[in-house]
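Participant: Numbering (the working numbering), first residue to last: 23 to 345. Got a structure for you, written out below as structure tokens; questions coming shortly.
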Ligand SMILES: C[S@@+](CC[C@H](N)C(=O)[O-])C[C@H]1O[C@@H](n2cnc3c(N)ncnc32)[C@H](O)[C@@H]1O
């Protein structure tokens, strides 16, 4: 099982949503009891020296395919240390070398550590062996410029989703991820509810949206992130449009994947239930379901899933389906 370590202790903001995290975990455990062996090896010997020991880690529970721990300063330092050393090993001798090393018994592929790091805008996702932290910062200039340049007419996403839809209409972003497109839709005046089922991503997005709500740069109604989960468990007013941008399985393993997408894939893997979710979306949405695809890829189709039309987005395409 992959592990998620949360280093939240000292932060007031994080404590605001630790309860929500706990609730989600409890809900997941109640519906899908699978708290497995948590003993594991918590120490690591390298060259005869013990470099790491998770002395102050507390298991919160399991969520999806992860064990979730809250860690204190000592464990965080140990994890960072091991990750940095693993990263150096990978850099020098490749990933195989890491997998055969003692580090791999301590931190495995896809484990994640979330915390507040000096100099970072907010909570960041620190991954083993790829130590460039992943933080969502909507205030970044490049991001804000894109938002300003875009708008309802110019952004293909906004055109695909908002065409013929009134300001303030309820729109779901079923796959919030790093929240960029939720923000574009909110900026185009949709009332956006965002869904994300991967706990590490949900946490950093929740933190980013909290920061955005205090920023002077976003004078529009921000997307509202739902509790961790999917549109399948939504009850309430039906949305007019559902936007769906899942992680499609890689078609060619050798394809050069963008760096942030690589990190992303390491944490969340691939979404293997795409047709199921398009069906759920088609039952929920009143006007349309918009699915993002690379411009060279075939549209998703099945007997009951037929594309009505599409909006060209340059490198990507927005396929529109009617309920
Ligand atoms: C390709 S990314 C989305 C990127 C996003 N559009 C953005 O602007 O950053 C897909 C994300 O959706 C999440 N996801 C995939 N299927 C989901 C589902 N059925 N319900 C909730 N989240 C889902 C994945 O965990 C992942 O974070």
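Ideal Cβ placement from N, Cα and C applies to all residues, glycine included. None of these values were measured; they are calculated from a predicted model.
1) Would residue 168 and residue 206 qualify as a contact pair, given that the criterion is a beta-carbon distance under 9 Å?
2) To the nearest angstrom, how far is the alpha carbon of residue 148 from that of residue 265?
3) Kindly examine ligand 1 and report whether one of its heavy atoms sits closer than 8 Å to the Cβ of residue 269.
4) With H, G and I counted as helix, E and B as strand and the rest as coil, what does DSSP make of residue 11?
5) Identify which residue in 201, 217, 256 has its Cα closest to the Cα of residue 234.
6) Between 294, 196, 223, which has its C-alpha nearest residue 88's C-alpha?
7) Let me confirm a value: residue 160 is counted as buried when at least 16 other C-beta atoms fall within 10 Å, else exposed. Which label applies?
8) Would you say the beta carbon of residue 337 comes nearer than 8 Å to a heavy atom of ligand 1?
9) Rounding to the nearest angstrom, what Cα-Cα distance links residue 257 and residue 90 in this structure?
10) Can you confirm whether the region 101 to 108 touches the region 119 to 136 when touching is taken to mean that 3 or more C-beta pairs between the two stretches lie within less than 8 Å?
11) Below 8 Å, how does it come out for the region 169 to 184 and the region 132 to 143: are there three or more Cβ pairs, yes or no?
12) Regarding residue 240 and ligand 1, is the C-beta to nearest heavy atom distance less than 8 Å?
13) Taking Cβ positions, are residue 296 and residue 322 nearer each other than 9 Å?
14) With DSSP collapsed to three states, give me the class of residue 80.
15) Check residue 155 in the structure and name its three-state DSSP category.
16) Quick one: what's got a C-beta closer than 8 Å to residue 166's C-beta in the same chain, skipping five residues either side?
17) Any heavy atom of ligand 1 closer than 8 Å to the CB of residue 197?
18) Any heavy atom of ligand 1 closer than 8 Å to the beta-carbon of residue 318?
19) Look at the Cβ atom of residue 312, then the Cβ atom of residue 182, and state whether they are nearer than 9 Å.
20) Measure the Cβ-Cβ separation of residue 219 and residue 252 and say whether it is below 9 Å.
21) Just to confirm, does residue 258 get its C-beta within under 8 Å of one of the non-hydrogen atoms of ligand 1?
Facilitator: On the basis of the coordinates in this document:
1) In the chain shown, residue 168 corresponds to position 146, counting from 1. In the chain shown, residue 206 corresponds to position 184, counting from 1. The answer is yes: Cβ separation under 9 Å.
2) For the purposes of this step, residue 148 is taken as residue 126 along the chain shown, with counting starting at 1. For the purposes of this step, residue 265 is taken as residue 243 along the chain shown, with counting starting at 1. When rounded, the distance between both Cα atoms is 28 Å.
3) Translated into the one-based positions of the chain shown, residue 269 becomes position 247. Under cutoff, so the answer is yes.
4) This structure gives no information on residue 11, because the portion of the chain shown stretches from 23 to 345.
5) What you label residue 234 is simply residue 212 of the chain shown in a count that begins at 1. Ranking 201, 217, 256 by Cα distance to residue 234 puts 201 first.
6) Position 66 of the chain shown, counting from 1, holds the residue named residue 88. Measuring from the Cα of residue 88, the nearest candidate turns out to be 223.
7) On the chain shown, position 138 is the one that residue 160 refers to. Classification of residue 160: buried, given that the 10 Å Cβ count is 16 or more.
8) Translated into positions along the chain shown, residue 337 becomes position 315. Residue 337: no, Cβ never under 8 Å from ligand 1.
9) Here residue 257 is taken as the residue at index 235 of the chain shown, counted from 1. Here residue 90 is taken as the residue at index 68 of the chain shown, counted from 1. Roughly 27 Å separates the two Cα atoms.
10) yes
11) no
12) Residue numbering aside, residue 240 sits at position 218 when the chain shown is read from its first letter. Residue 240: no, Cβ never under 8 Å from ligand 1.
13) Position 274 of the chain shown, counting from 1, holds the residue named residue 296. Position 300 of the chain shown, counting from 1, holds the residue named residue 322. Yes, the pair counts as a contact, with Cβ atoms nearer than the cut-off.
14) The count along the chain shown starts at 1 and reaches residue 80 at position 58. Reduced to three states, the DSSP call for residue 80 is strand.
15) Within the chain shown, the letter at position 133 stands for residue 155. Correct three-state label for residue 155: strand.
16) For the purposes of this step, residue 166 is identified with residue 144 of the chain shown, where counting begins at 1. Around residue 166: 160, 239.
17) By one-based count along the chain shown, residue 197 stands at place 175. Within the cutoff, so yes.
18) What you label residue 318 is simply residue 296 of the chain shown in a count that begins at 1. Incorrect: residue 318 has no Cβ contact closer than 8 Å to ligand 1.
19) Here residue 312 is taken as the residue at index 290 of the chain shown, counted from 1. Here residue 182 is taken as the residue at index 160 of the chain shown, counted from 1. A contact, by the Cβ cut-off of 9 Å.
20) Residue 219 sits at position 197 when you count from the first residue of the chain shown. Residue 252 sits at position 230 when you count from the first residue of the chain shown. Cβ distance < 9 Å, so residue 219 and residue 252 count as in contact.
21) If you number the chain shown from 1, residue 258 lands on position 236. No - ligand 1 has no heavy atom lying nearer than 8 Å to the Cβ of residue 258.
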